[in-house]
Amino acid sequence: MATGERPPTPESAGTEGPWQEQGEEPDYRATLANERTFLAWTRTSLALLAGSLAVVQLGQATPIALRLALAAYLIALAIATVLVGYHRWRSVQHRMRLRQPLGRSGYQPLIALAMLVLAVLICVSAAVTAP
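In this text, residue positions in the sequence shown follow my numbering: the first is 62, and each later residue adds one.
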């Protein structure tokens with residue numbers, strides 16, 4: 062140990078280096094379950110992207126500005142979804158490696174709010190295009 066360097070504490074033991082190498086390898090079943098959850102986030106993001114493409118292709122009765130606004134919102138949701146999914150996967154994987162509690166995710170209220178806004182936008186779009 063170098064002069065002036067403190068010995069590692071139990072809390073910091075095994076937390077040096079890249080997060081993928083910290084701690085110990087978790088049970089492979091938990092790792093695979095975490096990966097499946099990340100893939101579900103990714104599938105949701107892809108579905109939102111597909112929805113944005115479908116919205117742009119809506120009939121001519123819907124104003125182009127409304128179609129583009131809805132498509133842009135769906136694309137933003139898709140990007141946010143994949144970023145949240147990655148962040149959650151990484152956080153859970155790191156905590157499992159360190160044998161720490163997984164903690165709670167604060168994303169559920171934000172996702173619910175985003176979906177509520179999407180529902181309102183779809184209702185407005187339907188009302189504007191109604192004959």
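Yeah, the Cβ is synthetic: ideal placement off N, Cα and C, and Gly gets one too.
Just so you know, these numbers come straight off a predicted model, no measurement behind them.
Worksheet item: If you count every other CB in all the chains shown that lies within 10 Å of the CB of V189, and 16 or more means buried, which is it?
Response: As a working mapping, residue 189 is identified with position 128 in the sequence shown. Exposed: under 16 other Cβ atoms inside 10 Å.
Practice prompt. Can you tell me which of the three DSSP states R67 falls into?
Written response: Here residue 67 corresponds to residue number 6 of the sequence shown, with the count starting at 1. In this prediction, R67 has a pLDDT of 48, which is less than 50 and means its spatial position is unreliable; what the coordinates show is noted afterwards. Coil at R67, not helix or strand.
Item to complete: Report the three-state DSSP secondary structure of R118 (helix, strand or coil).
Response: The sequence position of residue 118 within the sequence shown is 57, counting from 1. It should be pointed out that residue 118 corresponds to Gln in this sequence rather than to Arg. Correct three-state label for Q118: coil.
Worksheet item: Quick one: any contact between the region 123–133 and the region 144–162, if contact means 3 or more CB pairs under 8 Å?
Response: No: the two stretches stay apart, fewer than three of their Cβ pairs being nearer than 8 Å.
Practice prompt. Give the DSSP-derived three-state secondary structure of A191 in the structure shown.
Written response: Indexing the sequence shown from 1 puts residue 191 at position 130. Residue state, collapsed to three classes: coil.
Worksheet item: Alpha carbon to alpha carbon, how far is S186 from I125?
Response: If you number the sequence shown from 1, residue 186 lands on position 125. If you number the sequence shown from 1, residue 125 lands on position 64. Straight-line Cα distance between these residues: approximately 11 Å.
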